[in-house]
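Worksheet for the structure shown next.
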Amino acid sequence: MQWLSVCSLLVLLSVSARSQAQNQICTIFTETKEDGFKALALVGLAQNLPDSTLGDMVPLIAEALAMGVKCCSDTPPEDCNRDAADLFQSAVCSSETLVEKNNLKQCCEKTVAERTHCFVDHKAKIPRELSLTAELPAADQCEDFKKDHKAFVGRFIFKFSKGHTMLPPHVVLAIAKGYGEVLTTCCGEAEAQTCFDTKKATFQHAVKERVTELKALCIVHRKYGDRVVKAKKLVQYSQKIPQVSFQEMGGMVDKIVETAAPCCSGEMVTCMKERKALMDEVCANESVLSRAAGLTACCKEDAMDRGSCVEAMKPDPKPDGLSEHHDVHADVAAVCQTFTKNPEVAMGMLIYEISVRHPESSQQVILRFAKEAEQAFLQCCDMEDHAECVKTALAGSDVDKMITDETDYYKKMCAVEAEMGDDNFEKSMMVYYTRIMPQASFDQLHMVSETVHDVLHGCCKDEPGHFVLPCAEEKLTNAIDATCNDYDPSSINPRIAHCCNQSYSMRRSCILAIQPDTEFTPPELDANNFHLCPELCTKNSKELLLAGKKLLYGLVRHKTTITEEQLKTISTNYYTLKEKCCAAEDKAACFTEEAPKLVSESAELLKV
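Below you can see the structure in the form of C-alpha cells.
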C-alpha cells in the first residue's frame, strides 16, 4: 500500500481538472515530467505528514515514480482512476506506522465525509518553522549542491514544506527553484559567500513578500468574503490585461475567486485543480491571447510556473483609443438601470473602467472611490433626477484626484525615507506607531515599524514615481491585515479596533487619521527604558538600532505627546553618554554613575 499513499497524494495535488474516470496519475506524470512529479510528491508528503523524516519519504517517492510509469503504460492499474481524496486517506490510514507517527488516528476513525475535513484541519494545525534553510556557510552549501543538486533542492523542499503547510505546492516549488538559482549563480563565483549573502537576502525578502501576500488574501477572504476578493482581483487583472473586455474579465475573475476558499483552507486537491483549469481555459483562448502580450508569454511557461508568472506580470499597454479618464457621470441613466437590476454588475463595470485606465493606482484607492460611488447610486438611482443627485453626492469625489493625491503622499514618504536614511526612518515609524498605540508591546511595534520601513524602502527603490502607489499601499494594507488578524486589536485600544473593523479599502486611511493616545496611563520613566550598560559598547549596527528603538518606545509611552525637540534632546544626551562611557577605562562604573542622571534629566524635561 505504500505506493498508494504517495500516488494518491499526487492525485490529491493533481493539476488536472478532468473527470475521475480518466487516468489522473498519468496526466500529472506527463505534464510535470519525472522531476516535477517527484517534487510534488515530496511537497505533499512533507506538508501532510509532519513527523515523518525525509528518509521515510524517499522510498515512498521512488515507488510513486514507478507507479507513475505504470499508469502511463498500455495497461494501467485500476487504482490510477480511483477517487483522489478517498484513495489518499485510505492509503495513509491503512499504514499503522504513518497513522501513529503523524497522530492521524482520530482522523482515520471518522467516516469518509468527515475524514477529509479532519485531514485538512490536521494539516492547518501543524506547527510551523518559517526559516528558509539552516545558516550553513556558502562553501558547505555549495559543496553539497555541486555533489548532488537534485538531492540538495529536495532537502530544501522537504524543510520548507514542513514549515509552510498551507502554501500551495506550486508556490513551494517556485521558491525552491529560486533558491536553486541563487546557488547555481553563487557557487560558480570566487567570492561565493559575498554573492550568497547578497542574493540570499534578496531571495528571502521576495519569499517573505510572496508568503505575506498569499496570507493577506486569505485573511481578506475570511473576513470580507468573496465580494471583496472579487473586487481586488478585478482591479488587479483589469490593470494587467486592459485589452480584455469586461465580460471576458468577469469570467476570469469569477474563476479566480472560486480558488480562494479551497486554497486558503488547505484543500489542495481542489485548489490546484481549479487553478490549472483556469490557466488551461485562459491559455486556450486565442482571442484573449491575441490581445494580451504578458498573458501570452506566461502561457508558454511550464504548467507549474504559469500561475506565478501571471501574478508577477506587468501591465500590458492600454487599448488604442481608450479615453484617459472615465466619466462616471457620462451615462448615469444606463448605470442606474443596471445598478437597480444587478448592483454587482454595475459596480464591476465601474471598477473595470477605472482600472484599465489607471494601472498606476492602488487597488485600495479604486475601491475607496467605488464605495463612495455605490453609496451615491444607492441614494440616487431610485430618484427621478438621479443624474443631478449622483453629481451632488459625488461632488467631493474625483478618482483621478484621489490617485494623484495618494501618489504624491507616497512620493513625499520616499523623499523623507531617502533624506533620513534607513535607521532614522525606521525609528521615526517607531515613534509614530507608539504614539497611536502605546498599549502594544515593543515586539509588536518593532515589527510594524520594520515592516513599514521595508515596504517603503523597497517600493521607493523598485517602483519609483509612477508605480510607487500600487506597490506601497498594497503591501502596507497586507501588513495591516496581518496585524489586525494576528493580534486582538481590542487589546490595543478602541481606535485600532475600530480601524481593523473598517471596510477593507478604508483600513489604512483610518489608521493614518488616529491621533496620539492621550488617554493612555503612562508607565514611570526609569533606567530600564534606557538600557545603558557596558554591553552597549560592543553591539553591532543592527543591535544598536534595536536599542535605539527601545529607548524611543519607552520615551513615547511615557508621554505620547512628546515633541520632536524633546526626543532629539534626550536622544542626543543618550548617545553622548554612550560615547563617553564606552571610552572610559571603567565602563561599568561610568554607566552606573551617569545613567541615573540621564533618567532624572529626561523625566524632568518631559514634565513640560
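Per our numbering, the sequence shown starts with residue 397, numbered consecutively. Ideal placement from N, C-alpha and C gives every residue a C-beta, glycine not left out. The model shown is predicted, which means the values in this text are computed figures rather than measured ones.
Alpha-carbon to alpha-carbon, residue j and residue i
i       : j       : result
Thr-972 : Asn-936 : 18 Å
Cys-977 : Lys-983 : 5 Å
Cys-776 : Arg-831 : 41 Å
Glu-939 : Val-812 : 23 Å
Cys-933 : Pro-992 : 18 Å
Lys-628 : Thr-988 : 57 Å
Val-952 : Glu-931 : 24 Å
Arg-764 : Arg-623 : 14 Å
Ala-868 : Gly-817 : 18 Å
Met-826 : His-842 : 7 Å
Ala-462 : Cys-591 : 39 Å
Met-648 : Val-786 : 31 Å
Thr-666 : Pro-912 : 47 Å
Ala-791 : Thr-803 : 21 Å
Glu-997 : Gln-835 : 25 Å
Val-724 : Ala-680 : 34 Å
Arg-903 : Gly-646 : 26 Å
Val-402 : Thr-423 : Since pLDDT at Val-402 reaches only 46, below the 50 mark, its modelled position is unreliable, and the value read off the structure follows with that caveat. If I take the Cα positions, the gap works out to 15 Å.
Pro-565 : Asp-593 : 27 Å
Cys-538 : Val-568 : 21 Å
Secondary structure of residue i, DSSP reduced to three states
i        : result
Arg-1021 : No statement about residue 1021 is possible, as the shown extent of the chain runs from 397 to 1004 and does not include it.
Tyr-883  : coil
Asn-499  : coil
Thr-426  : helix
Arg-831  : helix
Ser-491  : coil
Glu-997  : helix
Asp-913  : coil
Asp-452  : helix
Ser-683  : helix
Ser-899  : coil
Gly-662  : coil
Gln-947  : Gln is not the amino acid found at residue 947; the sequence shown has Leu there. DSSP places Leu-947 in helix when its eight states are reduced to three.
Lys-506  : coil
Ser-557  : helix
Glu-939  : helix
Met-709  : coil
Lys-1003 : coil
Cys-929  : coil
Pro-866  : helix
Lys-521  : coil
Lys-596  : helix
Pro-739  : helix
Asn-874  : helix
Buried/exposed call for residue i, threshold 16 Cβ in 10 Å
i       : result
Val-549 : buried
His-954 : buried
Val-508 : exposed
Thr-655 : buried
His-782 : buried
Gly-744 : buried
Lys-501 : exposed
Val-741 : exposed
Asn-925 : buried
Leu-630 : buried
Sequence-distant residues of its chain with Cβ nearer than 7 Å to residue i (five each side left out)
i        : result
Ala-417  : Residue placement at Ala-417 is poorly supported in this model, since its pLDDT is 43, which falls under 50; the coordinates are not used for a value here.
Lys-1003 : none
Lys-497  : Asp-447 and Ser-448
Lys-595  : Val-578, Thr-581 and Cys-582
Asn-881  : Ile-615
Gln-760  : Glu-869, Thr-873, Ser-901 and Arg-904
Pro-533  : Gln-589
Sequence-distant residues of the same chain with beta carbon closer than 8 Å to residue i, five excluded per side
i       : result
Gln-771 : Ala-789
His-894 : Cys-906
Neighbourhood of residue i by C-beta distance below 6 Å, restricted to the same chain and skipping five residues each side
i       : result
Arg-891 : Ile-910
Ala-444 : Before going further, note that residue 444 is Asn rather than Ala in the sequence given. Taken in chain order, the residues that qualify are Lys-519.
Gly-690 : Met-709 and Asp-712
Pro-658 : Thr-666 and Cys-667
Gln-635 : Pro-711, Ser-751 and Pro-755
Closer than 7 Å: residue i CB and nearest the ligand COA heavy atom
i       : result
Asp-850 : Of the ligands one can find in the structure shown there are none, so the ligand COA has no counterpart to examine.
**Asked** Are the region 701–714 and the region 668–686 touching, with three or more C-beta to C-beta distances below 8 Å?
**Response** yes
**Prompt:** Does the region 852–865 come close enough to the region 586–595 that 3 or more CB-CB pairs lie under 8 Å?
**Reply:** no
**Message:** With three or more beta-carbon pairs closer than 8 Å as the criterion, would you say the region 718–733 touches the region 608–625?
**Reply:** no
**Prompt:** Would you call the region 552–559 and the region 435–442 touching, i.e. three or more CB-CB distances under 8 Å?
**Reply:** yes
**Prompt:** Touching or not, the region 682–690 and the region 590–609, by the rule of three or more beta carbon pairs under 8 Å?
**Reply:** no
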